[in-house]
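A.B. asks: Got a structure for you, written out below as structure tokens; questions coming shortly.
Residue numbers (full-length UniProt numbering): 1 to 235.
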């Protein structure tokens, strides 16, 4: 493919590499979709906002749905990368919870467009729903791996804990934004972390569960004998 095929012209004759042009189109489309909604937004409007001709826009995205999906993908990828990177900043579990919650609040605070497109989309197309749900699942996957490794819990309980952490972080961050930031962000993050850590820190690790089960099994006959004696005495 020639170099000429990898560049496109924009307003005032500006020529950009194809990858840079695509990014420009995604940013312009994101702004229009958030402002107007998917159903009201038009490709003409997006092209004008991006400063390109409509044919150039269609060279990159054959339909409005394709463009919308690409926009959602770009924001979802950023969220997932942010959460994964946050979890890798420390090996301390309390700090991991803090970092994960912080990542959700930072994303929603700095990328309002991404938040609205991922968590408040009015598009019911199956391909879009898969993307929005997939973003949440990818975040759950990242947390799940650490929970299972550190706790030794079975996959079902580990995933439930991961889903709870991600869900609470997402819901609280959304509430904070939609309530127009009633408290400062760090206070909101710390409050959410206190809630989550207060619960997670009381979930017994698998070794503790196994030890308790072994202790109960070992004490079983003695406990039964004591109970029988008490019953006979009462009789």
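Note that beta-carbon positions come from the ideal geometry of N, C-alpha and C, so glycine has one too. If you're wondering where the values come from, they're calculated on a predicted model, not measured in any experiment.
(1) By how many angstroms is the C-alpha of residue 80 removed from the C-alpha of residue 109?
(2) Between residue 133 and the rest of its own chain, which residues show a CB-CB distance below 7 angstroms, the 5 nearest in sequence each way excluded?
(3) So, under 8 angstroms CB-CB, residue 100 and residue 143 are touching, yes? Tell me the CB distance rounded to an integer number of Å.
(4) Could you check how far apart the C-beta atoms of residue 60 and residue 25 are, in whole angstroms? I think they sit under 8 angstroms.
(5) Candidates 104, 93, 145 and 175: which alpha carbon is nearest residue 200's?
(6) For residue 30, I'd like the list of residues in its chain whose CB is within less than 6 angstroms of its CB, leaving aside the five on either flank, ordered along the chain.
(7) Does residue 85 pass the burial test, meaning 16 or more other C-beta atoms within 10 Å, or should it be called exposed?
(8) Buried or exposed: residue 83, going by 16 or more other Cβ atoms within 10 Å of its Cβ?
(9) Taking residue 138 as the reference, which of 34, 63, 111 and 73 has the closest Cα?
(10) On the DSSP letters alone, give me the boundaries of the alpha helix (DSSP H) that residue 174 sits inside.
(11) Alpha carbon to alpha carbon, how far is residue 69 from residue 117?
(12) Using the Cα positions of residue 236 and residue 126, report the straight-line distance between them to the nearest angstrom.
(13) Among residues of its own chain, excluding the 5 on either side of residue 58, which ones have a beta-carbon nearer than 8 angstroms to its beta-carbon?
(14) Helix, strand or coil: which one does DSSP assign to residue 120?
(15) According to the neighbour-count rule (16 or more other Cβ atoms, all chains shown, within 10 Å of its Cβ), is residue 186 buried or exposed?
(16) Whose CA, out of 198, 78 and 47, lies closest to the CA of residue 63?
(17) Could you compute how far the alpha carbon of residue 176 sits from the alpha carbon of residue 188?
(18) Just to confirm before moving on: does the CB-CB distance between residue 195 and residue 165 stay below 7 angstroms?
(19) Considering only C-alpha positions, which residue in the set 54, 55 and 111 is nearest to residue 34?
(20) Taking the alpha-carbon positions, what's the residue 122 to residue 128 distance?
(21) Out of 202, 169 and 205, which has the shortest C-alpha to C-alpha gap to residue 248?
(22) Is DSSP giving residue 203 helix, strand or coil here?
C.D. replies: If we stick to the structure as given:
(1) 15 angstroms
(2) A distance below 7 angstroms between beta-carbons, with the five flanking residues on each side excluded, links residue 133 to no residue of its chain.
(3) Indeed, because the Cβ distance is near 6 angstroms, the residues count as touching under 8 angstroms.
(4) 6 angstroms
(5) 93 is the residue among 104, 93, 145 and 175 whose C-alpha sits nearest the C-alpha of residue 200.
(6) Take residue 30, set aside five residues on each side of it, and the residues of its chain with a beta-carbon closer than 6 angstroms to its own are 71 and 113, in chain order.
(7) exposed
(8) buried
(9) 73
(10) Counted as a single uninterrupted DSSP element, the alpha helix (DSSP H) harbouring residue 174 occupies residues 155 to 178.
(11) 10 angstroms
(12) Outside the modelled stretch of the chain, which goes from 1 to 235, sits residue 236, for which no answer is possible.
(13) Within the same chain, residue 58 has close Cβ partners 43.
(14) coil
(15) exposed
(16) 47
(17) 7 angstroms
(18) no
(19) 111
(20) 10 angstroms
(21) With the chain covering only 1 through 235, there is no way to say anything about residue 248.
(22) Coil, per DSSP.
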